[in-house]
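Structure, as structure tokens:
Numbering (our numbering), first residue to last: 1293 to 1472.
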């Protein structure tokens, strides 16, 4: 199944300042997710952003916040984004088929959101190099489970070029510069 730009949205889950420094490979995760966000925006794909319990976990990390400053953030209490009514309302408004997912933690909020999206008839596309957990083993098994349950697993570079489909466009030039 091809993932088409006009049937997709991006979802950045809970990349927050108080938990983020404890995530394995956090610097690379920041770099990868920044490229993903910039690429999705260049292609014209809408992005949704969530924050989990900001009183305790703080807000989206500054490097990403600068890229998503124009996107309203949905604060949630539930681990799964799908258990949050404002999230579901906005998701239904956008009418996507595919939900391209980055975020933390892979084995908690990302996993539960992915499972619920599948149950609701959406196709989650989990960007493996844009999700993280404190422990690498937790991420490893979360990715395995999401794949077994029907999620598509991809990387930021692969998904950006799949969404583009063609070279020779301004969007292609932007994406090419981002991934170098």
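Just so you know, even glycine gets a beta-carbon here, dropped at the ideal spot from N, CA and C.
Remember, it's a predicted structure, so these values are computed and weren't measured experimentally.
Query	Result
Span of the beta strand (DSSP E) around residue 1340	1339–1344
Alpha-carbon to alpha-carbon, residue 1314 and residue 1382	30 Å
beta-carbon residue 1402 near the ligand FAD non-hydrogen atom, thresh 7 Å	Absence of the ligand FAD from the depicted structure is noted, as is the absence of any ligand whatsoever, leaving it without description.
For residue 1415, the nearest candidate out of 1379, 1350, 1405, 1371 (CA to CA)	1405
Exposure label - residue 1369; buried when at least 16 CB within 10 Å	exposed
Candidates 1295, 1298, 1306: closest to residue 1422 by CA position	1306
Nearest candidate by alpha-carbon position, reference residue 1394, set 1412, 1431, 1413, 1453	1431
Neighbour flag for residue 1432 against chain D, beta carbons, 8 Å	Absence of chain D from the displayed structure is noted, only one protein chain being present.
Residue 1472, DSSP secondary structure in three states	coil
Among 1360, 1350, 1355, nearest to residue 1340 - alpha-carbon criterion	1360
Residue 1318 to residue 1446 span [Cα, whole Å]	19 Å
Completely contained beta strand (DSSP E) runs for the segment 1330–1393, where each covers 3 or more residues	1339–1344, 1365–1368
Span of the beta strand (DSSP E) around residue 1303	1300–1305
Sheet register partners of residue 1313 (DSSP bridge)	The partner list for residue 1313 (beta bridge, DSSP) is empty, contrary to what the question assumes.
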